[in-house]
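Protein sequence lines, in the order shown, are assigned to chains A and B. Per my numbering, residue 124 is the first one in the first sequence, and the count goes up by one each step. Per my numbering, residue 6 is the first one in the second sequence, and the count goes up by one each step. C-beta: ideal position from N, C-alpha, C; glycine also. The structure displayed is predicted, hence computed values, not measured ones. Take a look at the structure set out below.
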Amino acid sequence: MKKEKIKVKGSTEMFDLTISDPGKDKYILRLYITGTTQRSALSIINLNKICEEYLEGRYELEVIDLYQKPFLAKDEQIIATPTLIKKLPLPFRRIIGDMSNIEKVLLGLDLKKVN
Amino acid sequence: MTKTKEHLIIENEELRSRLVETEETLMAIRNGEVDAIMVSGTKGEQVYSISSAETPYRTFIEEMNEGAVSLSKEGIILYCNKRFAELVQEPIECVIGTYLKRFFTLKDKSKLDYVLVKQAHNKNDVLIISLINTLYLKLSFHLLPSYLQGNNRILIATDITEMKKKENELLELHRVLEINLDKIQRLRMQLIDKMIENEVKINKLKNTNNKLVKEITKHKLIEAELKKKLNQKKATT
Numbered sequence: 124m125k126k127e128k129i130k131v132k133g134s135t136e137m138f139d140l141t142i143s144d145p146g147k148d149k150y151i152l153r154l155y156i157t158g159t160t161q162r163s164a165l166s167i168i169n170l171n172k173i174c175e176e177y178l179e180g181r182y183e184l185e186v187i188d189l190y191q192k193p194f195l196a197k198d199e200q201i202i203a204t205p206t207l208i209k210k211l212p213l214p215f216r217r218i219i220g221d222m223s224n225i226e227k228v229l230l231g232l233d234l235k236k237v238n
Numbered sequence: 006m007t008k009t010k011e012h013l014i015i016e017n018e019e020l021r022s023r024l025v026e027t028e029e030t031l032m033a034i035r036n037g038e039v040d041a042i043m044v045s046g047t048k049g050e051q052v053y054s055i056s057s058a059e060t061p062y063r064t065f066i067e068e069m070n071e072g073a074v075s076l077s078k079e080g081i082i083l084y085c086n087k088r089f090a091e092l093v094q095e096p097i098e099c100v101i102g103t104y105l106k107r108f109f110t111l112k113d114k115s116k117l118d119y120v121l122v123k124q125a126h127n128k129n130d131v132l133i134i135s136l137i138n139t140l141y142l143k144l145s146f147h148l149l150p151s152y153l154q155g156n157n158r159i160l161i162a163t164d165i166t167e168m169k170k171k172e173n174e175l176l177e178l179h180r181v182l183e184i185n186l187d188k189i190q191r192l193r194m195q196l197i198d199k200m201i202e203n204e205v206k207i208n209k210l211k212n213t214n215n216k217l218v219k220e221i222t223k224h225k226l227i228e229a230e231l232k233k234k235l236n237q238k239k240a241t242t
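Shown next, in the form of structure tokens:
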């Protein structure tokens, strides 16, 4: 996969760090939540915005309610919710929280490079 | 300042012991050996209870025979129970996080926008919508108070397909009934017309008959007169 850096000046400097061609790889994401808790709801809303902005048309998101399917927590060793798992593209990543820190989520999804 | 080998070994040991400690804590949480966690927030240290008092209510929602959905103001499903997933015929994990209106038929998609945008401050709303899988649902919306996940809604979905089928059957029956009623009314009018026509004919016949009777009587009188006169003539001759 070819990766390039885009040179952007000024306030959009952070886009410097964006991998311009993070590939046409499809993202397989899994978000673990617990029912209707505030953080669970926030994580869905925030993650939806991020996916629609950065991964439009090339992501699959499954949202798993661990209250209703607790047995699914064991597979991914979920300790706290909300937890987002990036299953594909590799490497496998785990992001914990309500996804309100966009920088952190983008880093976790390999959509930005560490400065 | 470069660290000596000794320093690195000590640091490594310290890090290892911290890692073991952290892992043990996580394992304890993971294995259900704790029932509360201390968290630091804006209000200082707080206790997060793991065994919650809301469990019976949650179980009730999870097991109820009607679909339950929590919806963001943009129309994204933030939570749904097993029954709702059954109604839209998709696994729960593929339903949560997606837009509710993707399950609606084209003609009903705008109904949801109306509730979410135009009626955004209405506390309660009811919609009857048809799903792309041909089911009919009655959706009862309730706006959550602003201190609870601001402007999100909960909705209860009731399957009214059977009711809707019955309603359609009744409407069809009503339509057929109206056609038949119209036919009967037309027949009745024809019958009345016929009766009037007959009545007129009967009256005409009666009149003619009366005239004839009168004529016959008249003729009989003349005949009697003539007979009388003839007899008188015979008697004189």
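| Asked | Found |
| --- | --- |
| Same chain, Cβ closer than 6 Å to Y190/A, neighbours up to 5 away in sequence not counted | T157 and G158 |
| G80/B versus D148/A - alpha carbon distance | 28 Å |
| For K123/B and L148/B, believed in contact at Cβ under 8 Å, the rounded distance | With a Cβ gap of about 13 Å, L148/B and K123/B do not count as contacting. |
| Opposing strand residues paired with A73/B [DSSP bridges] | I161/B |
| Chain A contact residues for I97/B, given Cβ-Cβ distances below 9 Å | V186, I187, D188, Q191 and K192 |
| Within chain A, partners of E67/B - CB distance below 8 Å | Y190 and Q191 |
| Continuous alpha helix (DSSP H) assignments of at least 4 residues falling wholly in the region 155-235 of chain A | 161-177 and 225-231 |
| CB contact flag (D164/B, L132/B, <8 Å) | no |
| Bridge-paired residues (DSSP) for E50/B | S45/B |
| Alpha-carbon to alpha-carbon, N203/B and Q190/B | 20 Å |
| Secondary structure of S145/B, DSSP reduced to three states | strand |
| R158/B burial status per 10 Å Cβ neighbour count (16 or more: buried) | buried |
| C-beta neighbour in chain B for L178/A, strict 8 Å | no |
| Cβ distance (whole Å) where E185/A is taken to contact E98/B below 8 Å | 4 Å |
| CA-to-CA distance, L154/A to E26/B, given in whole angstroms | 27 Å |
| Whole-number beta carbon distance between L207/A and L165/A, since they are thought to touch under 8 Å | 12 Å between Cβ atoms; not a contact. |
| G102/B at chain A interface by Cβ criterion, 8 Å | yes |
| Environment of Y182/A [buried if 16+ CB atoms lie within 10 Å] | buried |
| Cα-Cα separation, A196/A to I168/A | 22 Å |
| Residue-level contact to chain B via CB, M222/A, 8 Å cutoff | no |
| Chain D contacts made by the region 23-53 of chain B, where a contact means CB separation under 7 Å | Going by chain labels, chain D is absent from the structure shown, which instead holds the protein chains A and B. |
| For V39/B, three-class secondary structure by DSSP | coil |
| Other residues of its chain near D221/A: CB distance less than 7 Å, five sequence neighbours each side excluded | R162, L165, S166, N169 and P205 |
| Chain-order list of residues whose beta-carbon lies under 7 Å from that of S75/B (same chain, five-residue window excluded) | L83, Y84, N157 and I159 |
| Environment of K22/B [buried if 16+ CB atoms lie within 10 Å] | Note on residue identity: the sequence assigns Ser, not Lys, to residue 22/B. Exposed: under 16 other Cβ atoms inside 10 Å. |
| Cut-off 8 Å between Cβ atoms - residues of its own chain near F109/B, not counting five sequence neighbours on either side | K116, L117, I134, S135, L136 and I137 |
| DSSP beta-bridge partners of S22/B | The partner list for S22/B (beta bridge, DSSP) is empty, contrary to what the question assumes. |
| Cutoff 6 Å; reference L229/A; Cβ partners in own chain excluding five residues on either side | K235 |
| D113/B - DSSP class collapsed to helix/strand/coil | helix |
| Own chain partners of P150/B with C-beta closer than 8 Å, once the 5 adjacent residues on each side are dropped | none |
| Buried or exposed (CB count within 10 angstroms, at least 16 for buried), F146/B | buried |
| Partner residues on chain A for L144/B, Cβ-Cβ distance less than 8 Å | Result: empty, since nearest Cβ-Cβ is about 17 Å, beyond 8 Å. |
| For M168/B and L178/B, the rounded distance between their alpha carbons | 15 Å |
| CA-to-CA distance, Y104/B to D144/A, given in whole angstroms | Bear in mind that the predicted position of D144/A carries a pLDDT of just 49, short of 50, making it too unreliable to give a figure here. |
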